[in-house]
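K.L.:
Residue numbers -18 to -1, 1 to 296, in mature numbering (1 follows the signal peptide of the UniProt record, and there is no 0), belong to the letters of the sequence shown in order.
Where is the CB? At the ideal position from N, CA and C, for every residue including glycine.
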Amino acid sequence: MAGLNVSLSFFFATFALCQVARRASKALLPAGAYASFAREAVGAAQLGACCLELRMLAELGPWAGGFGRDVLLTLVFLLFLAHGATCDGAWANPTVSLQELLLAEASLPGALLQLAAQGLGVQVACALTRLCWAWELSDLHLLQSLMDAHCSSALRTSVPHGTLVEAACAFAFHLTLLRFRNSLPVYRVPAVALLVTVMAYAAGPLTSAFFNPTLATWVTFRCSGHTVLEYAQVYWLGPLAGMVLAVLLYHGRLPRLFRRNLLYSQRSKYRTPRRKPAPGPGATQTPAEGRSSREPGAEGAQTRTPLSPKTSCQ
């Protein structure tokens, strides 16, 4: 369990350093630069470092560390819970930035700046994590440092099947984000963390359940076993298709491209009141007769009110 304790210390140090960098950049940079670049870069670095360490534990932990999959899934839930609580609104995922672009909530230059920040953050996280592995603080880090040059592919199924798996994970992830986007963080963060844990359990043995193009690019594209085009089909095209399908199903359209709802018929929000039919020639009555049908003592009212020839035959 010494290797697990070192990994836990690595997670705590990562969150602490990223929180310091987040506070410093928020104090020194303008609000626009922090929101569009620094926040995403720090969030991507935090997510990338934790996911690299988790992947190392998933590959080496069962036979070198002596702990099972239940420990890994618990770590996934806790880490994404902590990431959602500390990320300050940064998702560190290119498909989320493109989702905001499709929803017409972000401009094209802003989305491109976020993509660049996410790529830079994950690249820095990969470099620092491999440097930490080189220090050989535990037996797991020693083994990972020796095996890092010959990493195994995260894609353990066929390319079409892997594309469908990543698309399904991204679809569920973005549909959850759309459903909880206006909810309080106390509800949204645990829901997302639980969903990611379930997808890691179901899709982890097949594709590692990245549904994050930038993270998958820096973690597994350099590994042997598949070509770059095959990796791009699974880890780029799959999450992008799942995100577009989630937005289309939730809103019935892509707000950036279409104004008209493509899936659902729009009904008027206000109901038009029905008009009473006009009375016929045989239904005319005097004001006294209308009152007599609603007031007590109707018979007395009829005797005191002169009736027309048409109503006197009742």
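If contacts are defined as beta-carbon pairs under 8 Å, then Leu83 and Met225 qualify, I think. What distance do you get, rounded to the angstrom?
P.N.:
Going by Cβ atoms, the distance from Leu83 to Met225 rounds to 11 Å, so no, they are not a contact pair.
K.L.:
So, Leu177 versus Ala152, is the Cβ gap smaller than 8 Å?
P.N.:
Not a contact, by the Cβ cut-off of 8 Å.
K.L.:
In whole angstroms, what separates the C-alpha of Trp117 from that of Ala86?
P.N.:
Trp117 and Ala86: Cα-Cα distance of roughly 46 Å.
K.L.:
Just the Cα atoms here: how many angstroms apart are Gly(-16) and Thr111?
P.N.:
Looking at the two C-alpha atoms, the distance is approximately 15 Å.
K.L.:
Thinking C-beta only, is Phe19 closer than 8 Å to Ala131?
P.N.:
Taking 8 Å as the Cβ cut-off, Ala131 and Phe19 do not qualify as a contacting pair.
K.L.:
If you measure from the CB of Thr77, is any heavy atom of the ligand MG nearer than 7 Å?
P.N.:
Annotation note on the ligand MG: not contained in the displayed structure, which lists no ligands.
K.L.:
Rounded to the nearest angstrom, what separates Leu11 and Trp73 at their Cα positions?
P.N.:
In a straight line, the C-alpha of Leu11 is about 20 Å away from that of Trp73.
K.L.:
Who are the Cβ neighbours of Glu212 in its own chain at under 6 Å, not counting the five residues just before and after it?
P.N.:
Counting only Cβ-Cβ distances below 6 Å, and skipping sequence neighbours, we find Val141.
K.L.:
Go to Gln1, then tell me how far its alpha helix (DSSP H) extends in each direction, as first and last residue.
P.N.:
Residues Ala(-17) to Leu10.
K.L.:
Quick one: grab the DSSP three-state call for Leu239.
P.N.:
Three-state result, Leu239: coil.
K.L.:
Look at the Cβ atom of Leu160, then the Cβ atom of Ala107, and state whether they are nearer than 8 Å.
P.N.:
It is not a contact, given that the beta carbons lie outside the stated cut-off.
K.L.:
Go to His233, then tell me how far its alpha helix (DSSP H) extends in each direction, as first and last residue.
P.N.:
Note, His233: alpha helix (DSSP H), Gly220 to His233.
K.L.:
Using DSSP with H/G/I as helix, E/B as strand and the rest coil, what is His65?
P.N.:
DSSP places His65 in helix when its eight states are reduced to three.
K.L.:
How would you write the range of the alpha helix (DSSP H) that Trp117 sits in, first residue to last?
P.N.:
Here Trp117 belongs to no alpha helix (DSSP H), and DSSP marks it neither H nor E.
K.L.:
Would you check if the distance between the CB atom of Trp200 and the CB atom of Gln105 is smaller than 8 Å?
P.N.:
Yes, the pair counts as a contact, with Cβ atoms nearer than the cut-off.
K.L.:
Return the CA-CA distance between Arg163 and Arg170, expressed in angstroms with no decimal places.
P.N.:
C-alpha separation (whole angstroms): 7 Å.
K.L.:
Thinking C-beta only, is Gly144 closer than 8 Å to Ala23?
P.N.:
No, they are not a contact pair.
K.L.:
Note the first and the last residue of the continuous alpha helix (DSSP H) segment covering Cys33.
P.N.:
Segment Arg21 to Leu42, the alpha helix (DSSP H) holding Cys33.
K.L.:
Using only the alpha-carbon positions, how far apart do Arg51 and Met181 sit?
P.N.:
Distance between the alpha carbons of Arg51 and Met181: 14 Å.
K.L.:
Can you give the Cα-Cα distance for Leu90 and Leu239, rounded to whole angstroms?
P.N.:
If you take the alpha carbons of Leu90 and Leu239, they lie about 13 Å apart.
K.L.:
Roughly how many angstroms separate the alpha carbons of Ser(-10) and Tyr16, rounded to a whole number?
P.N.:
Straight-line Cα distance between these residues: approximately 28 Å.
K.L.:
Can you tell me whether Ser(-12) is buried or exposed, with buried defined as 16 or more other CB within 10 angstroms of its CB?
P.N.:
With 16 or more other Cβ atoms within 10 Å, it is buried.
K.L.:
Any idea what DSSP makes of Asp52, helix, strand or coil?
P.N.:
If DSSP states are grouped into helix, strand and coil, Asp52 belongs with the helices.
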